[in-house]
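Student: Read in order, the letters of the sequence shown correspond to residues 302 to 548 in our numbering. The C-beta atom is built at its ideal place from N, Cα and C for all residues, glycine as well.
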Amino acid sequence: MSFEELIETLKRIGLASNETKVYLKLLRIGSSKAGRISKETHINRTTTYDALKSLLEKGLVSYVIKSGNKWFEAVNPKRLLEILKEKEDDLQKILPEIQTIYKIPKEKHNVTLFYGNKGIKSVFQDMIKEGKSISVLDSEEQLVRHFPFYVDYFMKQIEKKKIKIRHILRDDPKVKEWFLKAPRKPTTTTKVKFVPLKYKTNSVIDIYGDKVAIIIWSEPPEAVIIKNKSVAEVFRNYFEILWNLQN
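Rendered as structure tokens:
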């Protein structure tokens, strides 16, 4: 992992940019005075002291007095895990209240947008969580390209929860070969039909319960979940027409 990646990781868990640089420098050089830290990190002395003060408060840095001067040193990096645990404990304490607040607008919002690969995974997780039968108009080439491993996990979860799922896919030899392999091959809960190859799309439509998820394979991918019983029924009826037209 590069130095820049270390900094970004530490920033994601709550350290400011200057704090990460000072902390990593102390890990490397050991006990040191603020002046040397400032010089080697190219951070001015005042800002260095501010970063050291914050790191002291977080318990990531300690100091001793030698000849009237403060010598700082980094605490064992395992302290970072303790900080994360403390944050998790704090969040657990307030989570019930946050959940109560979340429920207030939940029924008022019928459309939720998602961006990037993590957002798309959230859409798949919602289908598993919902636990209702799923009707899918697929673009499997894109699905495999973006999620070569996760899609198998998704299908295994579908089987595990006995969620019925029907796919309508393009009649592409590569798609057929990919889809008909375990754990994706048709089973008692998974069925598939194919449409002519000329029908090409860069999207996926998933209909489940009173929801419709539309995934657009742009760069980055994006998706929308529409929660509306009437809309879901319209899409489901169109799916049934297409399903019954295929052999």
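(1) Which of the three DSSP states, helix, strand or coil, is assigned to His447?
(2) For the beta strand (DSSP E) containing Trp372, name the first residue and the last one.
(3) Let me know the secondary structure DSSP gives Leu414 once reduced to three states.
(4) To the nearest angstrom, how far is the alpha carbon of Pro497 from that of Ala514?
(5) Tell me which same chain residues have a C-beta within less than 8 Å of the C-beta of Leu543, skipping the five on either side of it?
(6) Does DSSP put Glu387 in a helix, a strand or coil?
(7) Using the Cα positions of Leu357 and Arg329, report the straight-line distance between them to the nearest angstrom.
(8) On the DSSP letters alone, give me the boundaries of the alpha helix (DSSP H) that Asp473 sits inside.
(9) Three or more C-beta pairs under 8 Å: does that hold for the stretch 505-522 against the stretch 411-429?
(10) Within 10 Å of its beta-carbon, does Arg313 have 16 or more other beta-carbons around it, so buried, or fewer, so exposed?
(11) In terms of residue numbering, what span does the alpha helix (DSSP H) encompassing Glu309 cover?
(12) Quickly, what does DSSP pair Tyr509 with across the bridge? List them, please.
(13) Check whether the Cβ atoms of Gly510 and Lys433 lie closer than 7 Å to each other.
(14) Tell me the residue span of the beta strand (DSSP E) that contains Glu520.
(15) Asp473: which of Lys462, Lys494, Leu325, Leu311 sits nearest, CA to CA?
(16) Give me whichever residues DSSP pairs with Val525 in a beta bridge.
(17) I need the boundaries of the beta strand (DSSP E) containing Lys552, first residue and last residue.
(18) If you reduce the DSSP assignment to three classes, tell me which class Thr491 lands in.
(19) Among the candidates Leu307, Ile527, Arg446, Arg537, whose CA atom is the shortest distance from the CA of Asn503?
(20) How big is the Cα-Cα spacing for Lys386 and Gln400?
(21) May I have the straight-line CA-CA distance separating Lys463 from Asn545, to the nearest angstrom?
(22) Buried or exposed, going by whether 16 or more other CB atoms sit within 10 Å of the CB of Pro522?
(23) What residue does the beta strand (DSSP E) around Ile549 start on, and which one ends it?
(24) Nearest to Val365 by CA position, among Arg380, Gly331, Ile395, Asp391, is which residue?
Tutor: Put simply:
(1) Helix.
(2) Here the beta strand (DSSP E) through Trp372 covers 370-375.
(3) Looking at Leu414 - three-state DSSP - the assignment turns out to be strand.
(4) Taking the straight line from one Cα to the other gives about 23 Å.
(5) Taken in chain order, the residues that qualify are Leu438, Ile469, Val496.
(6) Three-state DSSP puts Glu387 in a helix.
(7) Cα to Cα, Leu357 sits roughly 17 Å from Arg329.
(8) Segment: none, Asp473 is in no alpha helix (DSSP H) and carries neither H nor E.
(9) By the Cβ rule, the stretch 505-522 counts as touching the stretch 411-429, because three or more pairs are nearer than 8 Å.
(10) It is exposed - the Cβ of Arg313 has fewer than 16 other Cβ atoms within 10 Å.
(11) Segment 304-313, the alpha helix (DSSP H) holding Glu309.
(12) DSSP links Tyr509 through a beta bridge to Ile435, Lys512.
(13) Yes.
(14) Where Glu520 is concerned, there is no enclosing beta strand (DSSP E), given that its DSSP letter is neither H nor E.
(15) Ranking Lys462, Lys494, Leu325, Leu311 by Cα distance to Asp473 puts Lys494 first.
(16) DSSP lists Leu414, Ile515 as partners of Val525.
(17) Nothing can be reported for residue 552, as the shown portion of the chain is limited to 302 through 548.
(18) Strand, per DSSP.
(19) Ranked by how close their Cα comes to the Cα of Asn503, the residues Leu307, Ile527, Arg446, Arg537 have Arg446 in first place.
(20) Looking at the backbone, the Cα of Lys386 and that of Gln400 are separated by about 20 Å.
(21) Lys463 and Asn545 have their alpha carbons spaced roughly 23 Å apart.
(22) Buried, since its Cβ has 16 or more Cβ neighbours within 10 Å.
(23) For residue 549 there is no data in the structure shown, the boundaries of the chain being 302 and 548.
(24) That would be Gly331, whose Cα lies nearest to the Cα of Val365.
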